[in-house]
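Colleague:
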Amino acid sequence: MSAPWQPAQEARGLLLVSGGTGPVSTWVRRGQVACQVVELGAWTAVLPTERSSRAEPPYDDAVTLLAARPVPRRLRSALGFFTIDGRAVVTVQGPGWRSALRWLVWEPGVGLVRTPGLELARPSDLLAAAGRPGDARAVAEVVGGRDGRADGILTDLLAALALPGADLVGPGVGLRGQVVAPTAQAVARFDARMAEQARHRTELEENS
């Protein structure tokens with residue numbers, strides 16, 4: 001089902017997936033974040049429309065949860081462009097069976113930030129997922145400096161990768177497509193799974 005649109009002042013993110021709006025909407029319904037689904041030529045854009053996900057804390061940050069959600073192979077390649085805590089966060093998943101979710105994080109005044117525990121995305125990974133294999137220097141130049149703002153870095157990356165959606169990564173994005181909400185069943189399954197994992201971790205810690 002679709003959901004009434006609610007502007008998300010702090011929910012800043014754009015996920016581009018290689019699938020039509022129908023399959024993408026089905027995928028959104030199976031998640032935990034209400035999103036706009038917008039056709040952009042060969043890509044479909046997924047944009048969070050609420051600050052909070054439908055999941056229980058600590059999984060209630062909509063942008064972070066969408067950024068970390070694996071995209072199924074049938075909808076890949078997929079590239080995400082997010083602003084999280086003032087940082088530009090880029091995610092990429094290629095079309096292969098074993099293509100892991102990779103991350104590129106850029107912070108104003110710092111530049112590229114190492115993220116222990118996360119697979120690092122290289123400029124060549126972004127180009128390959130965007131269908132633009134070739135010289136990665138243009139992409140490397142965008143993220144190689146320390147100056148600028150997260151929104152600007154994301155916009156420049158989209159341009160360097162020749163991808164659509166540059167007008168969707170900044171603040172004040174209005175309604176551009178259908179808003180699709182997760183089903184109650186999908187949210188309940190996720191919450192139950194996370195609660196079980198938390199209990200398991202607690203048991204391991206108590207027995208260690």
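Its first residue numbered 1, the sequence shown is counted upward by one per residue in the UniProt record's numbering.
For glycine and all other residues, C-beta sits at the position ideal for the given N, C-alpha and C.
1. Please report the residue range of the alpha helix (DSSP H) in which Pro48 lies.
2. Expressed to the nearest angstrom, what Euclidean distance is found between the alpha-carbon atoms of Ser208 and Gly41?
3. May I ask you to report which of helix, strand or coil DSSP gives Asp151?
4. What separation, rounded to the nearest whole angstrom, lies between the Cα atoms of Trp5 and Pro48?
5. Along the chain, where does the beta strand (DSSP E) that runs through Arg98 open and close?
6. The ligand FAD and Glu39: does any heavy atom of the ligand fall closer than 6 Å to the residue's C-beta?
7. Just the C-alpha distance for Gly134 and Thr91, rounded to the nearest angstrom, thanks.
8. Can you name, in chain order, every residue of its own chain whose Cβ lies under 6 Å from the Cβ of Phe190, other than the five neighbours on each side?
9. Distance check for Ala192 and Val28, CA to CA, integer angstroms please.
Modeller: So, from the listed chains and residues:
1. Run containing Pro48: none in the alpha helix (DSSP H); it sits in the beta strand (DSSP E), Trp43 to Pro48.
2. C-alpha separation (whole angstroms): 53 Å.
3. Judged by DSSP in its simplified three-state form, Asp151 adopts helix.
4. A caution first: Trp5 carries a pLDDT of 36, below 50, which makes its placement in the model too unreliable to give a value.
5. First-last for Arg98: undefined, no H or E at that position.
6. Of ligands this structure carries none, so the ligand FAD is not represented either.
7. Roughly 19 Å separates the two Cα atoms.
8. The beta carbon of Phe190 sits closer than 6 Å to the beta carbons of Gln32 and Ala55 from its chain, once the five residues preceding and following it are set aside; these are given in chain order.
9. Approximately 19 Å between the Cα atoms of the pair.
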